[in-house]
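Let me begin by presenting the structure, written as structure tokens, before commenting on it.
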Amino acid sequence: VQLQASGGGLVQAGGSLRLSCKASGINFKIYGMDWYRQAPGKQRELVATISSAGNTNYTDSVKGRFAISRDNVIRTLYLQMNSLRSEDTAVYYCSTKHRGITYWGQGTQVTVSS
């Protein structure tokens, strides 16, 4: 299983970014997928989840600003991030569980300047 995340960068507060995560080695469409983030000195936290059926959940701090989605044809997970805040600065990871093992992408840095 390989997860390749991309799309991070430096953006001003109030701006937008879209993260992508390309999956390989799994039957992507049958697995739930997650986005996590880890800010410096903090624990990794779950940001958003999407089930195989497309049901979504978000941590409270990003509700109304972030949107998780997936394209099963090209096996890609997305995280659209709008109205970014300085507290959204973190390394963002995509993740999935496959046969009892949690897999992580390599992480993509998001930096929001105020």
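Under our numbering, the first residue of the sequence shown carries the number -2, and numbering increases by one thereafter. Positions of the beta carbon are idealized from the N, C-alpha and C atoms, including for glycine.
Helix, strand or coil at Val88 [DSSP, three-state]:
Counted from its first residue, the sequence shown places residue 88 at position 91. Strand.
Give the secondary structure of Lys39 by DSSP, where H, G and I count as helix, E and B as strand, and everything else as coil.
Position 42 of the sequence shown, counted from the first residue, corresponds to residue 39. Coil, per DSSP.
Can you give me the C-alpha to C-alpha distance between Tyr28 and Lys94, rounded to a whole angstrom?
Looking up residue 28 in the sequence shown gives position 31. Looking up residue 94 in the sequence shown gives position 97. Cα-Cα distance, rounded: 8 Å.
Count the other CB atoms within 10 Å of the CB of Thr105; is the residue buried (16 or more) or exposed (fewer)?
Here residue 105 corresponds to residue number 108 of the sequence shown, with the count starting at 1. Buried.
Just verifying my parser: in three-state terms, what is the DSSP assignment at Lys60?
Looking up residue 60 in the sequence shown gives position 63. Lys60 falls in the coil class under three-state DSSP.
Enumerate in chain order the residues of its own chain whose CB-to-CB distance from Val107 is below 8 Å, with the five nearest sequence positions on each side excluded.
What you label residue 107 is simply residue 110 of the sequence shown in a count that begins at 1. For Val107, the CB contacts under 8 Å within the same chain, skipping 5 residues up- and downstream, are Gly5, Gly6, Val8, Leu14, Leu16, Arg34, Met78, Leu81, Asp85, Thr86, Ala87, Val88, Tyr89 in chain order.
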